[in-house]
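Position 5 (the sequence shown) corresponds to 5 in the UniProt record's numbering; numbering is contiguous. Virtual Cβ for every residue (Gly too), placed ideally from N, Cα, C. Computed from a prediction, not measured in an experiment: that's the story for all the values here. First up is the structure itself, then whatever we jot down about it.
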Amino acid sequence: MVDSGKLLGEFLQARRKLVTPDEIGLKHSGRRRTPGLRREEMAFLAGVSTDYYSRLEQGRERNPSDQVLAALARALDLDSEAAQHLYALAHPRARRDTPVSRMEPVSPMLLRLLRGWNHTPAMVLGRWMDVLAMNPIAEALYDGLKHNDNLIRMVFLNPESREFYADWEKIAYYKAAHLRAVAGTDPDDPFLPGLVEELSEESDEFRRLWARHDVHFKTHDAKQFRHRDVGELNLVYESFTVNSAPGQQLMIFQAEPGSETEKALAMLGGLSSINALVNDSLVPAPTLTPAPAMTPAKASATARRSGGRDLVESEAREISARRAMWQNAW
1 MVDSGKLLGE FLQARRKLVT PDEIGLKHSG RRRTPGLRRE EMAFLAGVST DYYSRLEQGR
61 ERNPSDQVLA ALARALDLDS EAAQHLYALA HPRARRDTPV SRMEPVSPML LRLLRGWNHT
121 PAMVLGRWMD VLAMNPIAEA LYDGLKHNDN LIRMVFLNPE SREFYADWEK IAYYKAAHLR
181 AVAGTDPDDP FLPGLVEELS EESDEFRRLW ARHDVHFKTH DAKQFRHRDV GELNLVYESF
241 TVNSAPGQQL MIFQAEPGSE TEKALAMLGG LSSINALVND SLVPAPTLTP APAMTPAKAS
301 ATARRSGGRD LVESEAREIS ARRAMWQNAW
C-alpha cells in the first residue's frame, strides 16, 4: 500500500524547488545553494508555521485542511490540474479491497465503431497508456515501432520514437505528466510501480521528468509524425472518456481538410486496406513456424507487382499469423 503522506510530501518538495523567489516577488540576497524556495519561505507564503510545513514535506502531517491546501496551491502557483492533484494526494480515496486485473476489455460496440473509421486513425487506450485496440489505419500509422503496445513505453524506451515524433520533447513531457496525473487518482494501482521502475531504469529523460511532479491530463493537441511510408503528418487529436469503462480513453486523429496530410492519410488508408486484404486471405501454413509479418510497405510493393488481388493473395498464403494481438477482434 502506498504511503499517501509520503506522496504528498514528495510533490510539495518537488514543486517548491521549481519556484524561484523572483517569480513570486520575494526579495532575496546572495547566491542560493539549493534551487527554488526555502521551506520557511513556503511556510510564510502559505500562512503556516515552518514546523508544520516541514512535517507536511516529511509525510508526518497527513490531514491538511482545504484552506491550507488552497494556500499551498497559490504559493506554488499551481494550475488547476496540479491543484486538483494536490487535493487528491492529500485526500486519497478509499483503499481498494478487491484485486485489479491489467486486462481491460474493449466493448464490442466500441470495436465496431473503430472499424467503421476507414480514413481516421483511432485507438482505445487503457489507464497506463496500454493500446487496447486500434483500427487498421492507426495500426498502419504506428506499424513497425517497438513497444507500440504502450505509448509511454514506446516514447521513452524506443530510440526510433525520436524520429517518429517530430516534436519528441513535447510528447515526452506530456506523457510523463499524464502518467503522474493518472497515478494521483489511484496511487494504490498494483501495476504503476513496475511501470515507473522500468521507465526510470531505462530512460534518463523519463527519470528527470518524473522527478518534476508535473501533472497534465492531455485531452487534445497537435502532433507531428514522420512516417516511413507516407512522410510527414500534421495531425490533431481529441481524447474522450469511455463512460462504460473507467480509465479507458478513445483517441481520434484528424487532418486539416484539403491539406497534404489529408492526402497522406488517404495513402496510409490505402496501405492499411491492402494489409487487411492480405490478412483476410490467410490460409493455414503447413508449419507451426510463423512467417515474417507483412508490413504496409511490403504489401504495397506486392500489390504493385501483381496488379491485382490474385497475386496479393498468392503471396499472402505464406503468412500464418496476424501481426497485432487486437486484430482478432476485427
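Original post:
For A231, which beta-bridge partners are listed by DSSP?
Top reply: Locating residue 231 in the sequence shown gives position 231, counting from the first residue. Looking at the sequence provided, one finds Gly at residue 231 rather than Ala. For G231, which the question treats as bridged, DSSP gives the partners H227.
Original post:
Mind pulling the alpha helix (DSSP H) runs of 4 or more residues that sit fully within the stretch 126 to 158?
Top reply: List check, alpha helix (DSSP H) in window: 136 to 141 and 151 to 157.
**OP:** Determine whether the Cβ of V68 lies closer than 7 angstroms to any Cβ atom of chain B.
**Re:** No chain B appears in this structure, which consists of one protein chain only.
Original post:
Is there contact here, the stretch 4 to 16 with the stretch 73 to 85, by at least three beta-carbon pairs under 8 angstroms?
Top reply: yes
Subject >> Bridge-paired residues (DSSP) for V215 >> reply: Here residue 215 refers to the residue found at position 215 when the sequence shown is read from its first residue. Answer by DSSP bridge pairing: none, since V215 is not bridged.
**OP:** Report the option in R226, Q254, L179 and F217 whose CA atom is closest to the CA atom of R207.
**Re:** Translated into the one-based positions of the sequence shown, residue 207 becomes position 207. If we check each option's Cα against that of R207, L179 comes out closest.
**OP:** Give the DSSP bridge partners of D221, in chain order.
**Re:** The sequence position of residue 221 within the sequence shown is 221, counting from 1. Answer is Y237.
Subject >> Per DSSP, the bridge partner or partners of Y165 >> reply: Within the sequence shown, numbered from 1, the residue matching residue 165 stands at position 165. Answer is F225.
**OP:** Look up Q84 in the DSSP assignment and say whether it is helix, strand or coil.
**Re:** To locate residue 84, count along the sequence shown from 1; it is residue 84. The answer is helix: DSSP assigns Q84 an H, G or I state.
Original post:
Among V106, L113 and L111, which has the Cα closest to the Cα of R127?
Top reply: Sequence index remark: in the sequence shown, residue 127 carries index 127 (1-based). The candidate whose alpha carbon is nearest that of R127 is V106.
**OP:** Report the partner residues of L250 according to the DSSP bridge assignment.
**Re:** Start at 1 with the first residue of the sequence shown, and residue 250 comes out as number 250. Checking the DSSP bridge columns, you'll see L250 partnered with V124 and F240.
Subject >> Run of the alpha helix (DSSP H) containing R74, from where it starts to where it stops >> reply: Here residue 74 is taken as the residue at index 74 of the sequence shown, counted from 1. Where R74 is concerned, the enclosing alpha helix (DSSP H) stretches over D66 to A75.
Original post:
Is it buried or exposed for T98, if we count other Cβ within 10 angstroms and need 16 for buried?
Top reply: Position 98 of the sequence shown, counted from the start, is the residue given in the question as residue 98. Only weak support exists for where T98 lies, its pLDDT of 46 falling under 50; the value from the coordinates is given anyway. Burial call: exposed.
Subject >> Contact between the stretch 218 to 227 and the stretch 185 to 203 (3+ Cβ pairs under 8 angstroms) >> reply: no
**OP:** Provide the residue(s) that pair with A255 in DSSP beta bridges, ordered along the chain.
**Re:** Locating residue 255 in the sequence shown gives position 255, where the first residue counts as 1. BP columns for A255 point to L235.
Subject >> Helix, strand or coil at Q58 according to DSSP, with G and I counted as helix >> reply: Working through the sequence shown from its first residue, we reach residue 58 at position 58. Reduced to three states, the DSSP call for Q58 is coil.
**OP:** Could you tell me which of I252, N243, L235 and G116 sits nearest to G258, measuring between CA atoms?
**Re:** Here residue 258 refers to the residue found at position 258 when the sequence shown is read from its first residue. Of the candidates I252, N243, L235 and G116, the one whose C-alpha sits nearest the C-alpha of G258 is L235.
Original post:
Which one of N135, L125 and H91 has the shortest CA to CA distance from R112?
Top reply: The count along the sequence shown starts at 1 and reaches residue 112 at position 112. Measuring from the Cα of R112, the nearest candidate turns out to be N135.
**OP:** Return the Cβ separation of G5 and T20 in integer angstroms, given the expectation that the two are a contact with Cβ distance under 8 angstroms.
**Re:** Stepping through the sequence shown from its first residue, residue 5 is reached at position 5. Stepping through the sequence shown from its first residue, residue 20 is reached at position 20. About 27 angstroms; that fails the 8 angstroms criterion.
Subject >> Residue closest to D143, alpha-carbon to alpha-carbon, out of A46, L69 and E160 >> reply: Here the question's residue 143 lines up with position 143 in the sequence shown. For the residues A46, L69 and E160, the minimum Cα distance to D143 belongs to E160.
Original post:
Do I137 and L268 have their CB atoms nearer than 7 angstroms?
Top reply: The residue labelled residue 137 in the question sits at position 137 within the sequence shown. The residue labelled residue 268 in the question sits at position 268 within the sequence shown. Yes.
Subject >> Among H147, A222, E10 and R153, nearest to G59 - alpha-carbon criterion >> reply: By 1-based counting over the sequence shown, the position of residue 59 is 59. Comparing Cα positions, the closest option is E10.
Original post:
What is the DSSP secondary structure of F191, counted as helix, strand or coil?
Top reply: Within the sequence shown, numbered from 1, the residue matching residue 191 stands at position 191. The answer is coil: DSSP assigns F191 none of H, G, I, E or B.
Original post:
With distances taken between CB atoms, is the gap from L157 to E104 smaller than 7 angstroms?
Top reply: For the purposes of this step, residue 157 is taken as residue 157 along the sequence shown, with counting starting at 1. For the purposes of this step, residue 104 is taken as residue 104 along the sequence shown, with counting starting at 1. For L157 and E104, no; Cβs fall outside 7 angstroms.
**OP:** Could you tell me whether the stretch 41 to 55 touches the stretch 238 to 254, where touching means 3 or more Cβ pairs closer than 8 angstroms?
**Re:** Because the criterion of three Cβ pairs below 8 angstroms is not met, the stretch 41 to 55 and the stretch 238 to 254 do not touch.
Original post:
Which word fits D130, buried or exposed, when buried means at least 16 other C-beta atoms lie within 10 angstroms of its C-beta?
Top reply: Here the question's residue 130 lines up with position 130 in the sequence shown. Buried, because 16 or more other Cβ atoms sit within 10 Å of the Cβ of D130.
Original post:
Taking the alpha-carbon positions, what's the L8 to E57 distance?
Top reply: Looking up residue 8 in the sequence shown gives position 8. Looking up residue 57 in the sequence shown gives position 57. Straight through space, the alpha carbons of E57 and L8 are spaced by roughly 7 angstroms.
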